[in-house]
Amino acid sequence: SSFTLNDLSLLYNTLRFHFLSATLATALLISLSTAYFTTRPRRVFLLDFSCYKPDPSLICTRETFMDRSQRVGIFTEDNLAFQQKILERSGLGQKTYFPEALLRVPPNPCMEEARKEAETVMFGAIDAVLEKTGVKPKDIGILVVNCSLFNPTPSLSAMIVNKYKLRGNIL
């Protein structure tokens with residue numbers, strides 16, 4: 001068995017066909033990869049986080065809270081029993097932090113105090129995380145704020161945008 005010119009021609013045509021197929025498959029793979037990587041959603045990375053730590057003067061025990069609730073004189077025995085049950089089942093420790101408005105005698109639960117509490121907590125946590133990460137407020141592109149009970153006007157997110165002079169096109 002010898003290698004003939006016909007065998008050489010057959011080998012050339014086979015390789016040429018496979019080279020063309022391989023080139024087209026590679027070009028298609030590169031095109032699809034490029035389309036995927038340019039259109040996929042960008043990942044969001046958590047650089048750091050911060051939890052607000054209130055001033056120690058805001059610590060209150062369960063007993064102190066119940067005593068103050070009783071001394072206010074507006075709660076019935078059933079109300080106080082319900083508050084006690086909530087304190088025991090809520091997951092709060094023996095000591096926890098309370099807002100300044102609730103620690104006053106008499107308590108002052110008003111919109112102004114709620115806004116002050118929200119600002120203290122939000123700005124305290126944001127200041128700490130910006131300091132830890134070195135991120136400048138103008139570099140922030142997305143802001144997520146969630147609060148189930150307090151819904152002021154202007155909104156909590158507007159308070160943050162205005163305080164830190166965030167970009168006008170922030171999401």
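Each residue of the sequence shown is one higher than the one before, counting from 1 in UniProt numbering. We put the CB at the ideal spot given by N, CA and C, even for glycine.
- When the five nearest sequence neighbours on each side are left out, the beta carbons in the same chain lying within less than 6 Å of the beta carbon of K132 are those of D48, in order along the chain.
- When only Cα atoms are considered, F82 and T76 end up about 10 Å apart.
- Distances from the CA of P107 to each of M66, R16 and S2 were compared; the closest alpha carbon is that of M66.
- Contact annotation: the region 52-60 touches the region 90-107, with at least three C-beta pairs closer than 8 Å.
- Of I140, I126 and P137, the smallest CA-CA separation from S50 is found for I126.
- Burial state of V144 is exposed, judged by a 10 Å Cβ sphere holding fewer than 16 other Cβ atoms.
- Put simply, the region 7-20 does not touch the region 102-116. Fewer than three CB pairs are less than 8 Å apart.
- With a 10 Å radius around the Cβ and a threshold of 16 neighbouring Cβ atoms, I30 comes out exposed.
- Annotation for T26: the continuous alpha helix (DSSP H) segment containing it runs L5 to T39.
- By the neighbour-count definition (other C-beta atoms within 10 Å, threshold 16), V161 is a buried residue.
- Check the Cα spacing between C147 and each of V135, A114, L166 and K138: the tightest is with A114.
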